[in-house]
DNA sequence: GTCTATATAACGATAGAC
DNA sequence: GTCTATCGTTATATAGAC
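Protein chains in written order, with this note's numbering: chain A, 1 to 206; chain B, 1001 to 1206.
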């Protein structure tokens, strides 16, 4: 699952890093091959030497981005824990994963919105229904009066929303709350400490 | 605040609608003037007659989109209600606002990510610190033991996240939960009914 | 106001020397 | 593998007739 793209050369790595940075920020159409080359400090022709076309380069970035965040989400919910530690662990670990790759969620969601089919090619089936056990676990707890009185899918979406959206909506939150970069990072740090317990308490009745 | 862009002609309106649709779906760089013209069923030259350039057209769409969702967020939190009905009302009304404009949040967040300065020109100052009274209201309740033990800004972000993210993350949620379009709309409908009460209960101790 | 035709610029991609 | 020079396409934008 770690799927390091084992570059064949340093140049190839530099290109990929530069491309990722540009695609994350500007999307497929917004990114410019020239800027990727500049950022990688190589000649523009090299891009086509190592990666045949812009589209190929993009696909690599896109695929690797998805692998970094989607399967982990599933795995964390399929671990062999009871509900409470599982939820606590999910929130904590997933915040940390996104902290390491804060631009990925917006990147994925934007590209997915433009082209919902691209993802299906190499993900669908592997992911869908894999969280079913977790949802059933939640639904069971609800029947026993141990979880909030809300369908499991709704609770799942709540849980993911409070975990991921603060990263996607960062520019807006920063503006509304008038936080500079340093303040917002402190805010996220605090969040990582407090949110797991909060989510457990809002989903499970103790 | 309603700021209807009072079109001077039907053609101008058709252009704007088509442009909005294209920009929402594909972003500034992804959208094509030709496609906007096709969708509006007019000649491509007309675009430049009514709106000087692609960029001008985009700015209009962008500005109007922000006006539709940001000030309302502030206003709903500045109404003269006590905390509980205010929160309940915010979640319900804001879901409804986004339901009417489901593409706007992702559009704003993506464009803002590319260019964080664009927004500041006509929003900053008008928005920042305007939710301060609400945050203080929350913090006060917390001191009285009536709110969850989490800083007000964190609770605010939680509230907005569970309200907005289900629209932005729709493609991913649909894939993971294996819902088709009809099913996801039912999911949102259910959410609109249940979420206000849920958010109140997770933020306020009763 | 609306059309056709065209100018102009930008970008991705390739050829070919080294 | 790396460079320079250039091609071919596409997109925005404009000129000018009606």
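Built from N, CA and C at the ideal position, the CB exists for glycine as well. These figures come from a predicted structure and were not determined experimentally.
Proximity of the stretch 83 to 103 of chain A to the stretch 1079 to 1090 of chain B falls short of the contact definition, fewer than three beta-carbon pairs being nearer than 8 Å.
Taking residue 1112 of chain B as reference, the option from A:50, A:51, A:169 and A:56 with the minimal CA-CA separation is A:169.
For residue 1190 of chain B, the chain A residues whose C-beta falls within less than 8 Å of its own C-beta are 151 and 154, listed in chain order.
With the rule of 3 Cβ pairs closer than 8 Å, the stretch 137 to 156 of chain A counts as touching the stretch 1182 to 1193 of chain B. Assigned with DSSP and collapsed to three states, residue 31 of chain A falls in coil, not helix or strand. Runs of the alpha helix (DSSP H) lying entirely within the stretch 1129 to 1181 of chain B and spanning at least 4 residues, in chain order: 1132 to 1143, 1152 to 1168 and 1170 to 1177. An exposed status is given to residue 9 of chain A, since fewer than 16 other beta-carbon atoms sit within 10 Å of its beta-carbon. Put simply, of B:1025, B:1043 and B:1108 the residue whose alpha carbon is nearest the alpha carbon of residue 1068 of chain B is B:1108.
Here residue 146 of chain A is near residue 205 of chain A, since their CB atoms are less than 7 Å apart. Interface residue (Cβ-Cβ distance to chain A less than 7 Å): residue 1021 of chain B is not classified as such. Bounds of the alpha helix (DSSP H) holding residue 96 of chain A are 83 to 100.
For residue 174 of chain A, the closest C-alpha among the options B:1160, B:1128, B:1179 and B:1021 is that of B:1128. In chain order, 1105 place their CB closer than 6 Å to the CB of residue 1164 of chain B, counting only its own chain and leaving out the 5 sequence neighbours on each side. Under the 7 Å criterion on CB atoms, residue 1109 of chain B is classed as interfacial with respect to chain A.
In terms of beta-carbon proximity, residue 168 of chain A lines the interface with chain B, with at least one pair separated by less than 7 Å. Within the same chain, Cβ atoms closer than 7 Å to the Cβ of residue 1102 of chain B are found at 1167, the five residues on either side in sequence being excluded.
In the DSSP assignment, residue 1043 of chain B falls outside any alpha helix (DSSP H), carrying neither H nor E. The stretch 26 to 38 of chain A and the stretch 1021 to 1029 of chain B touch, with no fewer than 3 CB-CB distances between them shorter than 8 Å. Ranking A:182, A:77, A:181 and A:45 by CA distance to the CA of residue 136 of chain A puts A:77 first. Each of A:15, A:149 and A:96 was checked against the Cα of residue 73 of chain A, and the nearest Cα belongs to A:96.
Using a Cβ distance threshold of 7 Å, residue 199 of chain A and residue 159 of chain A count as a contacting pair.
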